[in-house]
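Residue numbers for the sequence shown follow this note's numbering, beginning at 1 and rising by one.
Glycine included, every Cβ here is placed at the ideal spot set by N, Cα and C.
Only a predicted model underlies this, so the values are computations on that prediction, with no experimental measurement involved.
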Amino acid sequence: MNTNVSIFFIDPLKIAFSLLLIFLFCPPITGQISIDNFKSYQMENGLPDNRIYSICQDQDRILWIGTAAGISTFDGENFYSPFSS
Numbered sequence: 001m002n003t004n005v006s007i008f009f010i011d012p013l014k015i016a017f018s019l020l021l022i023f024l025f026c027p028p029i030t031g032q033i034s035i036d037n038f039k040s041y042q043m044e045n046g047l048p049d050n051r052i053y054s055i056c057q058d059q060d061r062i063l064w065i066g067t068a069a070g071i072s073t074f075d076g077e078n079f080y081s082p083f084s085s
């Protein structure tokens with residue numbers, strides 16, 4: 001009885017080299033937000049103080065910001081200080 005047995009062997013070094021090439025030459029695919037989307041606000045932009053202690057967002061998407069100089073709100077464009085004299 002003649003039995004043909006074929007053994008399939010993959011060299012681990014070839015697999016490692018192939019994976020290395022894939023990781024080196026393929027661009028990374030991530031679901032992260034680009035850091036270019038962040039904007040920094042300071043007193044020059046209307047913030048009462050640069051020292052911020054707390055931030056909260058209400059149901060109307062208004063940010064309430066607690067600073068060293070008091071509370072301020074931010075609507076996405078402008079800062080308002082509702083309790084300032």
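Three-state secondary structure (DSSP) of Ile65:
strand
Just confirm the distance between the C-beta atoms of Tyr53 and Leu47, as a whole number of angstroms; I'd bet it's less than 8 Å.
Rounded, the Cβ-Cβ distance is 13 Å, inconsistent with contact.
In chain order, what residues of the same chain lie with their CB nearer than 7 Å to the CB of Asn78, ignoring the 5 residues before and after it?
Gly46
Looking only at its chain, what residues have a beta carbon closer than 6 Å to the beta carbon of Thr73, apart from the 5 residues adjacent to it on each side?
Ile62, Trp64, Tyr80
DSSP three-state label for Ser54, please.
strand
Taking the C-alpha atoms as reference points, what is the distance between Phe23 and Gly76?
40 Å
Cα-Cα separation between Phe9 and Phe17, rounded to whole angstroms
16 Å
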